[in-house]
Amino acid sequence: TVMVGFPGETKEEFEELMTFLEDNPFERLGAFVYSDEEGAPSERLDGKIPPKLKQSRFDQLMQRQTEKAEELSASLVGTKQEVLVEEAGLGGVYARTMWDAPEVDCVVFIADADVPPGTFLPVLITASDGLDLLGVIDESAK
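Sequential numbering from -1 applies to the sequence shown in our numbering.
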């Protein structure tokens, strides 16, 4: 998790953070904009960053993170993954890999699968769609 807009944060420090994230991509990254908390020592610091600039920096960071995360998702195409089926959908099931948290991370959609939630399945990842993945049951692993 990273924070942008802490009092006194310079353009150079923000650019250093962006360079670090470019050179060291994260699969998952949380970010937030600094805000004063009543009674916290940082509330009394000088050098407050204007709200529009804080938001702009946050937007830039999240855009970069989304691009990197999509690249990492695309790199999984052609790999075999074990997934946990979470729910049935129209025309298939939604599942997640062992490193994806429910409700916040990407999903793996498996078309034409008819298996109950709670089932572990071997899946061949066939495509990526942004952060999400598409797959088919890997019959060779059964």
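Even glycine gets a Cβ: it sits at the ideal position worked out from N, Cα and C.
Note that this is a predicted model, so its numbers are computed, not measured.
Environment of residue 52 [buried if 16+ CB atoms lie within 10 Å]: For the purposes of this step, residue 52 is taken as residue 54 along the sequence shown, with counting starting at 1. So residue 52 counts as buried.
For residue 88, the three-state DSSP class (helix, strand or coil): Locating residue 88 in the sequence shown gives position 90, where the first residue counts as 1. DSSP places residue 88 in coil when its eight states are reduced to three.
Three-state secondary structure assigned by DSSP to residue 33: Looking up residue 33 in the sequence shown gives position 35. It is coil, neither helix nor strand.
Own chain, CB closer than 8 Å to residue 40, minus 5 neighbours either side, in chain order: Mapped onto the sequence shown, residue 40 falls at position 42. Within the same chain, 4, 5, 32 and 34 come within 8 Å of residue 40 by CB-CB distance, once the 5 residues on both sides are set aside.
Whether residue 92 touches residue 84 by CB criterion (7 Å): Here residue 92 refers to the residue found at position 94 when the sequence shown is read from its first residue. Here residue 84 refers to the residue found at position 86 when the sequence shown is read from its first residue. Yes; because the gap between Cβ atoms is below 7 Å, this pair is in contact.
For residue 139, the three-state DSSP class (helix, strand or coil): Residue numbering aside, residue 139 sits at position 141 when the sequence shown is read from its first letter. Residue 139: helix per DSSP, three-state reduction.
Per DSSP, the bridge partner or partners of residue 133: Stepping through the sequence shown from its first residue, residue 133 is reached at position 135. Beta-bridge pairing links residue 133 to 108 and 123.
Cα-Cα separation, residue 18 to residue 112: Locating residue 18 in the sequence shown gives position 20, counting from the first residue. Locating residue 112 in the sequence shown gives position 114, counting from the first residue. Going from the Cα of residue 18 to the Cα of residue 112 covers about 43 Å.
Reference residue 97; option with closest CA among 7, 79 and 138: Taking the sequence shown and counting its residues from 1, one reaches residue 97 at position 99. Ranking the options by Cα distance to residue 97, first place goes to 79.
Reduced DSSP secondary structure (H/G/I, E/B, other) of residue 13: In the sequence shown, the residue the question calls residue 13 occupies position 15. In this structure, residue 13 counts as helix in the three-state DSSP scheme.
Cα-Cα separation between residue 94 and residue 108, rounded to whole angstroms: For the purposes of this step, residue 94 is taken as the residue at position 96 of the sequence shown. For the purposes of this step, residue 108 is taken as the residue at position 110 of the sequence shown. Spanning the alpha carbons of residue 94 and residue 108 requires a straight line of approximately 10 Å.
Given residue 23 as reference, the closest of 48, 69, 50 and 46 once Cα atoms are compared: Within the sequence shown, numbered from 1, the residue matching residue 23 stands at position 25. Selected option, being the one with the closest Cα: 69.
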